[in-house]
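Novice:
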Amino acid sequence: MTVEQIGRRLRTFYKVRSFHIDVYGHVNNAEYLRFAEMARDDFMEYLGLTVPQLLDAGVRLVIAETRVRYLRPAVYGDTLEIWGWISELGRVRSVWEQEMRRAGTEEVLTHIWSRVACLDAGNRIIPIPAALRQMLERVLEPASSPPA
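Here you go:
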C-alpha cells in the first residue's frame, strides 16, 4: 500500500470490499479497527520499522485502549483515506490517532484513538526504545483529545 507523509501526518488508502459490509449495508464497526491496524502497520513500515524488526529487538507494541467515534458510514466501493499521527508520546505509552475519510472529500467517517504500550518479550511494560521514539516523533502532532 502507498503511504505518504503530509506535514506531521501519514496517509494511505484502502478500498471497501464486500466482505467488509454487514447486514445493514455499510462497513461493520469491527472492520474499522481492522483498517486501522493495517494502516498502523503500513505507517510503521513507511517510517522504517516493521513488526518483525520490533519482535527481533524484544519489543512489542500492544493496544491498551481504543476509542472509536463513528460519524458516518462507509459503503461498498468507497475508498477510505486513512490519516494517522501520534498525539501523545509518553515514557512507556503513546496515543495513535487515525481519521478515516471518504477519499477525495473532507468528510470524516471515523476517528480512532489507540493508547499503545511498549512491552518486552516477557510482557512487562518498558520505556519506548530510543529508535522507536525518534520514529514516532516524526509524526507527533499533539492536540486532539479522546471523546468523553
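In terms of this note's numbering, the sequence shown has 73 at position 66, counting the first letter as 1, and numbering is strictly consecutive. Built from N, CA and C at the ideal position, the CB exists for glycine as well.
1. Suppose contacts are defined by Cβ-Cβ distances below 7 Å. Is Leu143 in contact with Leu96 by that definition?
2. Nearest-angstrom Cα distance between Ile135 and Ile89?
3. Consult DSSP for Leu126 and reduce its assignment to one of helix, strand or coil.
4. For Ala64, which of helix, strand or coil comes out of DSSP?
5. Measuring CB atoms only, is the stretch 78–85 touching the stretch 57–67, in the sense that at least three cross pairs come out at less than 8 Å?
6. Using DSSP's beta-bridge definition, name the partner residues of Gly91.
7. For the pair the stretch 107–119 and the stretch 56–63, tell me if three or more CB-CB distances fall below 8 Å.
8. Label Val123 either buried or exposed according to how many other C-beta atoms from any shown protein chain fall within 10 Å of its C-beta, with 16 as the threshold for buried.
9. How long is the line joining the alpha carbons of Phe26 and Val34, rounded to whole angstroms?
10. Once you ignore the five residues that flank Glu11 on each side, which residues in its own chain have a CB closer than 6 Å to its CB?
11. Can you name, in chain order, every residue of its own chain whose Cβ lies under 6 Å from the Cβ of Leu147, other than the five neighbours on each side?
12. Going by DSSP, what residue range makes up the alpha helix (DSSP H) through Glu52?
13. Out of Ala37, Ala138, Pro149 and Gly84, point me to the one whose CA is closest to Tyr21's CA.
14. Determine the DSSP secondary structure at Ala71, reduced to helix, strand or coil.
Specialist: Once the coordinates are examined:
1. Against a cut-off of 7 Å, the Cβ pair of Leu96 and Leu143 comes out as a contact.
2. Ile135 and Ile89 have their C-alpha atoms roughly 25 Å apart.
3. strand
4. coil
5. no
6. Leu17 and Gln105
7. no
8. buried
9. 9 Å
10. Contacts found: Arg18.
11. Ile93 and Leu96
12. Asn36 to Leu54
13. Of Ala37, Ala138, Pro149 and Gly84, the residue nearest in Cα terms is Gly84.
14. strand
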